[in-house]
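Mapped onto the numbering used here, the consecutive letters of the sequence shown carry residue numbers 99 to 435.
Cβ atoms here follow ideal geometry from the backbone N, Cα and C, with glycine treated the same way.
As the structure is a computational prediction, the values presented were derived from the model and not from experiment.
Reviewing the structure listed below.
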Amino acid sequence: MNSAELSVFIRAIGVHAPERKLTNAELSLMVETSDDWIKSRSGISERRIAGPGENPSDMGAKAAAKALERAGLKAEDIDLLIVATMTPDVPFPSTACLLQAKLGLRRDIPCFDISAACSGFVYALQVGTDMMRSGAYRHVLVIGAEKLSSVVDWQDRTTCVLFGDGAGAAILEATNVKRVGILGNVLGADGTNAELLHCVAGGSASPASAETLRDGKHFLRMNGKEVFRLAVRVMAESCERVLAKCGVDSDQVAWFIPHQANIRIVEAVANQLNVGMERFPFNLDRYGNTSAASIPLALEEAWRDGKIKHGDLVLLVAFGAGLTWGATLLRWHEPTL
Ligand code: ACO
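If you want it as structure tokens, here you go:
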């Protein structure tokens, strides 16, 4: 069989979130805000915060270990590792290489990071799927792992209430069964809007210095209103495009799993698509926006809760800094059924 015709599906998924919960009530002691404001403007009640020494590679390793256990696979079965993160442990080497060592993956496999912010998991899923279709890999591990708490300005109430930490991992496998797993995708980016959500220092253009530290230039900065507006438009369009590409009607989709940024964004997208909110499972209230980890965290929870079943059509849709966006349509496949 031509390997380009192989179906690639998520064989198993695992997640990890730090123990520490930061509630809105606690945040209201740190900045001028309130539980009511945060909940009504974003839908978030609490978020998880990583402790010292609890880095994206540590959280990613725990999520991956869970996925490997659920798949009944061993570390040596993984042929390729892709990590999506906007908060790598260190500027280099990649978090993927650090994770390769932590997980004890084979020493000869390719490992690399993808930088697409909140769209990272959807990007990584597609890159992994396409590389599998080359026929060279049997099991691809895709991880979204983030420690947003390390780039958030805890004195900026317009951003610090929104973000959280966590990780999710998916193991991709190929099968000869037709029309299952990842059916299609769309990815996109618009770098002309880069400054809507960015961090200006810490890279080679503006290396860390006393001045950059003093001016808080290592923190994430965001134009929330504009990001909100573009997020709704691009997420709805991405859903429509991937559905058209796959010849599927939105009525046939059992579950929409959007990037968990703001419940009002999700409501607006659902409204544009004319789809009821009951088909948009979310856990934003308990995790906040965990960027590349948010879709696997929400997908795993919907699967673990028994919502997502064998044969269901599931649409993942993301939007993030870059600006970047993407949507993936998949048919959930449980090979033992
Ligand atoms: N507590 C209390 N008041 C606040 C807070 C806060 N935490 N934050 C802002 N305010 C104030 C503002 O100062 C403003 O006051 P003013 O009217 O006196 O000027 C007022 O509340 C309203 O502020 P807005 O910005 O208009 O509030 P809005 O309804 O737009 O909500 C929010 C702000 C939640 C940030 C929203 O715009 C949003 O969710 N944007 C999208 C953000 C997002 O999804 N980012 C992630 C992208 S993905 C990635 O790649 C990481």
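| query | result |
| --- | --- |
| Are I212 and V225 closer than 8 Å when you measure CB to CB? | yes |
| Check whether the segment 407 to 423 touches the segment 249 to 261, taking contact to mean three or more Cβ pairs, one atom from each stretch, closer than 8 Å. | no |
| Hey, is L260 close to ligand 1, as in C-beta under 7 Å from one of its heavy atoms? | yes |
| The alpha helix (DSSP H) spanning T394 covers which residue range? | The residue you asked about is not Thr; residue 394 is Pro in the sequence shown. Element bounds for P394: S392 to R402. |
| Mind checking whether the beta-carbon of V325 lies closer than 7 Å to any heavy atom of ligand 1? | yes |
| Taking 8 Å as the threshold, find out whether the segment 395 to 405 comes into contact with the segment 261 to 281 through three or more Cβ pairs. | yes |
| From C209 to Y221, what does the alpha carbon distance come to, in whole angstroms? | 15 Å |
| Output yes or no for whether 8 Å exceeds the beta carbon distance between I142 and R118. | no |
| When you compare the CB positions of G279 and V106, do they come within less than 8 Å of one another, or not? | yes |
| Quick one, which of W430, A352, N283 and E124 has its alpha-carbon nearest E338's? | N283 |
| Give me, in chain order, the residues of the same chain whose beta-carbon lies closer than 8 Å to that of S304; leave out the 5 immediate sequence neighbours on both sides. | V298, T310 and K315 |
| Specify, as a first and last residue, the run of the beta strand (DSSP E) that R429 falls within. | T422 to R429 |
| By Cβ distance below 6 Å, which residues in the same chain neighbour E124 in space, the five residues on each side in sequence not counted? | none |
| Classify V367 as helix, strand or coil using the three-state DSSP reduction. | helix |
| Quick one: Cα of I176 to Cα of A162, how far? | 11 Å |
| How big is the Cα-Cα spacing for M55 and Q253? | Examination of residue 55 is not possible in this model, given that the chain is present from 99 through 435 alone. |
| In its own chain, which residues sit with a C-beta less than 8 Å from the C-beta of V330, not counting the 5 before and 5 after it? | I363, A366, V367 and Q370 |
| G374 bridges to which residues according to DSSP? | Paired residues: none, contrary to the question. |
| Under 7 Å from any heavy atom of ligand 1, does the C-beta of F219 make it? | no |
| In terms of residue numbering, what span does the alpha helix (DSSP H) encompassing S138 cover? | D133 to S140 |
| At which residue ranges does the segment 136 to 179 contain complete beta strand (DSSP E) runs of 3 or more residues, listed in the order of the chain? | 144 to 146 |
| Skipping 5 residues on each side, what residues in its chain have a beta carbon closer than 8 Å to that of A215? | M184, L295, S389, A390, G418, A419, G420 and T422 |
| So, with DSSP's three-state summary, where would you put D383? | helix |
| Taking 7 Å as the cut-off, is the CB of R384 close to at least one heavy atom of ligand 1? | no |
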